[in-house]
Amino acid sequence: MRQTKFVAWITDVREMWRRITHALRSLSVQCAPSSGPLVSVIVPTRNEADRLPRLLYSIKNQCYRDIEVVIADYMSIDRTPQIAKLFGARVLNVEKPGVGYATYLAVNECKGEIIIRTDADAIFPRDILSFVVTMLQERNKLVAHVGHVYYDGVFIENAMAFYYDKYLRKPWNTTGHFIAFKRELVEKGINFNPKLRYDDDWDFGYRVYQALGPHVFSYNYYKSILVSARRIRTTGLFKYILGFRRR
Numbered sequence: 009m010r011q012t013k014f015v016a017w018i019t020d021v022r023e024m025w026r027r028i029t030h031a032l033r034s035l036s037v038q039c040a041p042s043s044g045p046l047v048s049v050i051v052p053t054r055n056e057a058d059r060l061p062r063l064l065y066s067i068k069n070q071c072y073r074d075i076e077v078v079i080a081d082y083m084s085i086d087r088t089p090q091i092a093k094l095f096g097a098r099v100l101n102v103e104k105p106g107v108g109y110a111t112y113l114a115v116n117e118c119k120g121e122i123i124i125r126t127d128a129d130a131i132f133p134r135d136i137l138s139f140v141v142t143m144l145q146e147r148n149k150l151v152a153h154v155g156h157v158y159y160d161g162v163f164i165e166n167a168m169a170f171y172y173d174k175y176l177r178k179p180w181n182t183t184g185h186f187i188a189f190k191r192e193l194v195e196k197g198i199n200f201n202p203k204l205r206y207d208d209d210w211d212f213g214y215r216v217y218q219a220l221g222p223h224v225f226s227y228n229y230y231k232s233i234l235v236s237a238r239r240i241r242t243t244g245l246f247k248y249i250l251g252f253r254r255r
């Protein structure tokens, strides 16, 4: 029994490293330009001038071409709005705090048939938009999301991410680093909760699940977005695992 568990553990560690390597290589993967329905990438921000350029560059470098970027900035005191405009993004000036409210406004203002909500500290693999558009269209789903790799994380943080994505995460456990969904959801009256200061991402997926069931979700744990481990560092690993947040 112990030997079997050890072999399973080694298999998972190898798969975890393959997933990390695949995500890193996908930043510069060669892929043919593709097009399709307009994809709106919405990013709620506050004082993200240091990290936002990497995300916006990775979006600009996508193989998928039909993209608009909407930055919903709530009261930044750094150069976040100016940086967003330099990359050609549309900036919404949100006059009250709260990631839920900023995201709610961006969803209402964007024009895409497919909407992607992401965080300012994410970095997109070059083929990720093509990948999720296919997930939504060919599988006839309403919500698609993927795994996550910590680009600035240590082994334990990436091991935690891998085991959560592969074994614990339910299809409706949507997280803010990447949630793709069709506008059809908004037309059905489902949007992000403007009253939430945090956890709006989890709340969104759960409300979709309650309203429409699990069959509307498409989830791929192996394909991954690169994200920062900064919230783990801010909150502390133990509290982060328990679900606490410091925002």
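For the sequence shown, the residue numbers in the numbering used here are 9 to 255. Every residue, glycine too, gets a C-beta built ideally from N, C-alpha and C. Since the model is a prediction, treat every value here as computed from it, not as a measurement.
Original post:
Can you tell which of Glu165, Lys231, Lys93, Arg205 has the C-alpha that lies nearest to the C-alpha of Asp135?
Top reply: Nearest in C-alpha terms to Asp135, of all of Glu165, Lys231, Lys93, Arg205, is Lys231.
Subject >> Heavy atom of the ligand ATP within 8 angstroms of Ala16 beta-carbon >> reply: The ligand ATP is absent from the structure shown, which contains no ligands of any kind.
Original post:
Assuming Ile187 and Tyr159 make a contact with CB atoms under 8 angstroms, what is their CB distance in whole Å?
Top reply: Between Tyr159 and Ile187 the Cβ distance is about 19 angstroms, and since that is not below 8 angstroms, they are no contact.
Original post:
Hey, would you say Tyr206 sits closer than 9 angstroms to Val51, going by beta carbons?
Top reply: Here Tyr206 is not near Val51, since their CB atoms are 9 angstroms or more apart.
**OP:** Taking Thr243 as part of the beta strand (DSSP E), name the residues at either end of that continuous run.
**Re:** Here Thr243 belongs to no beta strand (DSSP E); instead the alpha helix (DSSP H) covers 238-243.
Original post:
Near Gly44, which residues of its chain fall below 8 angstroms by C-beta distance, leaving aside the five closest residues on each side in sequence?
Top reply: Non-local beta-carbon contacts of Gly44 in its own chain, meaning distances under 8 angstroms to residues more than five positions away in sequence, involve Tyr72, Asp74, Val141, Gln145 in chain order.
**OP:** Have a look at Leu234, Tyr229, Tyr112 and flag the residue whose alpha-carbon is nearest the alpha-carbon of Lys203.
**Re:** Looking from the CA of Lys203, the closest CA among Leu234, Tyr229, Tyr112 belongs to Tyr112.
Original post:
What three-state label does DSSP hand Val37 in the structure shown?
Top reply: Under the three-state reduction of DSSP, Val37 is assigned to coil, being neither helix nor strand.
Subject >> Leu150 - DSSP class collapsed to helix/strand/coil >> reply: Leu150 falls in the coil class under three-state DSSP.
Subject >> Under the three-state DSSP convention, the category Glu56 falls into >> reply: Coil.
Original post:
What three-state label does DSSP hand Val194 in the structure shown?
Top reply: Here Val194 sits in helix by DSSP.
Original post:
Per DSSP, Leu100 forms a beta bridge with which residues?
Top reply: Looking at the DSSP assignment, Leu100 forms a beta bridge with Ala80.
**OP:** Tell whether a beta-carbon distance below 9 angstroms holds between Gly184 and Thr243.
**Re:** With contacts defined by Cβ atoms closer than 9 angstroms, Gly184 and Thr243 do not form a contacting pair.
**OP:** Assign Ser43 to one of three DSSP states: helix, strand, or coil.
**Re:** Of the three classes helix, strand and coil, the one that applies to Ser43 here is coil, per DSSP.
Original post:
Between the Cα of Glu76 and the Cα atoms of Ala92, Gly221, Tyr82, Thr88, which residue gives the shortest distance?
Top reply: Glu76 has its Cα closest to that of Ala92, out of Ala92, Gly221, Tyr82, Thr88.
Subject >> Own chain partners of Tyr248 with C-beta closer than 6 angstroms, once the 5 adjacent residues on each side are dropped >> reply: Contacts found: Ile240.
Subject >> Minimum C-alpha distance to Glu23 - residue among Ile67, Lys174, Asn201 >> reply: The residue with the shortest Cα to Cα distance from Glu23 is Lys174.
Original post:
Between the C-alpha atoms of Pro61 and Ile233, what's the straight-line distance to the nearest angstrom?
Top reply: In this structure, the alpha-carbon of Pro61 lies about 16 angstroms from that of Ile233.
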